[in-house]
Amino acid sequence: MIGQTVSHYKILEKLGEGGMGVVYKAEDTKLKRDVSLKFLPKELTRDQGAKERFQREAQAAAALNHPNIITIYEIDEFEGQIYISMEYVKGRTLKEKICEGGVTSSLEIIEILDIAAQLLEGLANAHQAGIVHRDIKPQNILIDNEARVKILDFGLAKLKGVSQLTKESSTLGTAHYISPEQALAKDVDHRTDIWSLGVVLYEMITGQLPFKGEYEQSVLYSIMNEEPEPLPALRTGVPMELERIVNKSLAKETGNRYQNAGDILADLMSLEKKIESGTEAEHASKTKPIPSIAVMAFADMSPGKDQEYFCDGMAEEIINSLTHIKNLRVIARTSAFQFKGKNVDAREIGKKLDVETLLEGSVRKAGNRLRITAQLIKVDDGSHIWSERYDREMEDVFDIQDEISLAIVEELKITLLGHEKARILKSSTKNIEAYNLYLKGRFYAEMLTPEGFKRAIECFEKALEKDRNYAQAYVGLGLTLRAITFFGNISPRECLPKLRKYAEKALEINKNSGEAYHLLALYHMNYQWNCIDAEEKIKKALKLSPNSYGVHLTHSFILTQTGRHDEAVAAAKRARELDPISGYVNYYVGQALFFASRFDESIADLKVSIEMNPNYWPLHYVLGCNYWVKSMVEDAFLEYEKAYTISSGVPWITVFFAAALYRTGEKDRAMGLIETLVERSEHEYIPPMCFYGIYREIGELDKAYPWLEKAFEEHDNFIRYFIVLPVEMLPQDPRLIKMFKEKGLKK
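Quick note, our numbering runs 1015 ahead of the 1-based positions in the sequence shown.
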């Protein structure tokens, strides 16, 4: 058929062939795009049962809309041949990927968990629609060039309420992957897919099938009567929890199996989180990991115990210095400082942060004299790799930081590139007063309170009065102004234009400032709503500061806004590798999954994060959003209420809580919260999109639209969030869509 034209499709090449169809790559000449065309084999066209199964495949798959399920465009017939037009995906099957390792699997455990999670997301979506695949196997799982999983071939899908076709064999699925109930020709439900997933998991881990036989009947006997060989016998380093998950998926009685895709997804995500945070060792890496370190908060040993800002700043400056080294994984301040002031064993810290080494230190400051001690600790046995004491004048603090950073590099046997060493040794200022003020500014900014922001700005501005060429102070000022628009009470229109000025000034002083490029990316994304320029700047920031968790988070949200959701999730998870126990970073991961419409995965991830940070209200907020789009209103209400209570009434949380109150019938209480928010807006900045959202929710459009116009005038941050909301949560408002288009924004 190569070269022929079928309807408006020109056949380009043959992609594959199976029992239920032949697949070709074709060009859609109307829409100018590549598609896959699946034809029922000619020899089967007289078989009415095969034809009906083929049609049912298209109907089942076309009813689904999920990034992990192949998209069906149309089903038609041409000169007596039925065909399906579907999404063309560049990639390879999971079977091909597994076979790369020969008799053993070449897949890393963390990669296996990611593939399984995406597969479960797609299955959960199908099961919720009442569709059972019944033929899950590696040959029907495609992985594209961006590591996105796509489920193929719903040729055996069984819709609830549709009687089985009389001629359909109950063992049409590939024998090695069918469930015991399929083998016995019993009625099946979604749990048969969970069994098949268990077989696929087993094969991904070991490269072998759990149930073997020389012919079909012997395979079926094994499935119904035998237990698979234990995973540890075939591969070392398999986490016990993963073995438990596989075994439960392969329970022969459906009642002993996982009862839904969401449950197994939650367990897999919990395991992934434990592996990433170091609370459960993976033990399966085939390549030596890059060195890793956590720089702990330095202890204040000064007589007056009044140098906390200086101690924190000293540690943070060393962290910032080390983040420029590509071949070193540096844990971010937020996670490292979780242990500040606590007497925790180095081995326990290393396990929780998944690092090999810790840097601990102390500062004793008396007048202009400094005594700084530092020691590099090997976490597996608590031994000191290196230690040093510095008795110097205050003016030598920059040299001390350089010496400590270079000692770490030497002891960890890291080879520095020339530009990396230059960045480590480049000091932003030699003015001690400016440096002290900068450290105080960072200290106050981390408080994330209006008063803290005010004092931070004062400190950064005073630092710049002392040294007009202090690049980091310009960056600190810009980042604080950006944070104010989220956590403070000042309009973005007032703050955000200054970000560009401060970033460009910092780059005039230091053209290799990754932090300054990050600030420019935030300006283009938050104020200009220009993701093209924002992505250009963030890529420069990533190159210059590869270990900055903040840069990876901004990159994640830019990717979300451009619809590249799987890349966005990956970027957020990279940030989590650098800051594993930070509530803020875990919130970003859950949010990226939510925006990707991977709701079950997001819920599972957020639940684990809340166990670590139960009082971090943004986690409860995003969990509530997931429940909301799944129409679990009561669960959403509880999470919004927690977020509202813990946050003491942050405006946008107040709005979501009010919406939940209104939806559950507590309209008077909801209106009371709205009225209070309106009163607050008279003397403090409240994002206008908050009012648009709640008035839109309760149907008061005359009140909603003036706030919408004001939101665009003020460059409200939350306009961007409305753009990326899942379709289930996005208001179907023509006026909103029109304003998006006028501003060059699009869903």
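The beta-carbon is built from N, C-alpha and C at its ideal position, and this holds for glycine as well.
- In the DSSP assignment, Gln1197 falls within the unbroken alpha helix (DSSP H) covering Pro1195 to Ala1198.
- Here the alpha carbon of Leu1368 sits roughly 10 Å from the alpha carbon of Ala1361.
- Around the beta-carbon of Met1219, 16 or more other beta-carbon atoms lie within 10 Å, marking it buried.
- With three or more CB-CB distances shorter than 8 Å, the segment 1276-1285 counts as touching the segment 1609-1623.
- Where Arg1048 is concerned, the enclosing beta strand (DSSP E) starts and stops at Arg1048 to Phe1054.
- Taking all protein chains in view, the Cβ of Tyr1602 is crowded by 16 or more other Cβ atoms within 10 Å, so the residue is classified as buried.
- Counting along the chain, no beta strand (DSSP E) covers Arg1589; the unbroken alpha helix (DSSP H) around it starts and ends at His1580 to Leu1593.
- The count of Cβ pairs closer than 8 Å, one atom from the segment 1452-1471 and one from the segment 1314-1332, reaches three, so the stretches are in contact.
- In this structure, the CA atom of Leu1568 is about 6 Å from the CA atom of Ala1590.
- With 16 or more other Cβ atoms inside 10 Å of its own Cβ, Asn1732 counts as buried.
- For Asp1683, the enclosing alpha helix (DSSP H) starts and ends at Lys1682 to Arg1695.
- In terms of CA proximity to Glu1196, Ile1238 leads the group Val1050, Ile1238 and Glu1530.
- C-alpha of Leu1249 to C-alpha of Thr1221: approximately 6 Å in a straight line.
- Under the Cβ criterion (8 Å, minimum of three pairs), the segment 1680-1692 does not count as touching the segment 1716-1736.
- Measuring C-alpha to C-alpha distances from Asp1482 to each of Ala1141, Val1739, Glu1028 and Leu1452 identifies Leu1452 as the nearest.
- The residues Ile1085 and Thr1086, in chain order, have a CB closer than 6 Å to that of Glu1102 in the same chain once the five nearest residues on each side in sequence are set aside.
- From the listed residues Ser1051, Ala1478 and Glu1323, the smallest Cα separation to Gly1356 is found for Glu1323.
- Your pair Thr1495 and Ile1472 checks out as a contact, with CB atoms roughly 6 Å apart and the cut at 8 Å.
- By a beta-carbon distance limit of 8 Å, Glu1244 does not contact Phe1226. Their separation comes to about 10 Å.
- DSSP lists no beta-bridge partner residue for Gly1529.
- Going by beta carbons, Asp1581 and Glu1161 fall inside the 8 Å limit.
- When DSSP states are grouped into helix, strand and coil, Glu1425 belongs to the helix group.
- Using a Cβ distance threshold of 8 Å, Ile1334 and Val1310 count as a contacting pair.
- With 16 or more neighbouring CB atoms inside 10 Å of its own CB, Tyr1217 falls in the buried class.
- In terms of Cβ geometry, Gly1708 and Val1670 form a close pair [threshold 8 Å].
- Here Ile1387 really is in contact with Gly1376; their C-beta atoms are around 6 Å apart, less than 8 Å.
- Nearest in C-alpha terms to Asp1406, of all of Ser1398, Ile1400, His1399 and Ile1415, is Ile1415.
- Scanning the segment 1263-1350 from its first residue to its last, the whole alpha helix (DSSP H) runs of 4-plus residues come out as 1276-1292 and 1323-1337.
- The straight-line gap separating the alpha-carbon atoms of Val1234 and Ser1194 is approximately 11 Å.
- Contact check for Arg1272 against Met1316 fails: the beta carbons are separated by 8 Å or more.
- As a beta-bridge residue in DSSP terms, Tyr1024 pairs with Val1021 and Asp1043.
- Of the candidates Trp1632, Ile1026, Thr1338 and Cys1474, the residue whose Cα lies closest to the Cα of Leu1421 is Thr1338.
- Selection Glu1332, Ile1290, Val1424 and Asp1417 evaluated against Lys1366 yields Ile1290 as nearest (Cα-Cα).
- Per DSSP, reduced to three states, the secondary structure at Gly1031 is strand.
- The Cβ-Cβ distance between Trp1401 and Leu1385 does not fall below 8 Å.
- Note on geometry: alpha-carbon atoms of Ile1346 and Ala1673 lie some 38 Å from one another.
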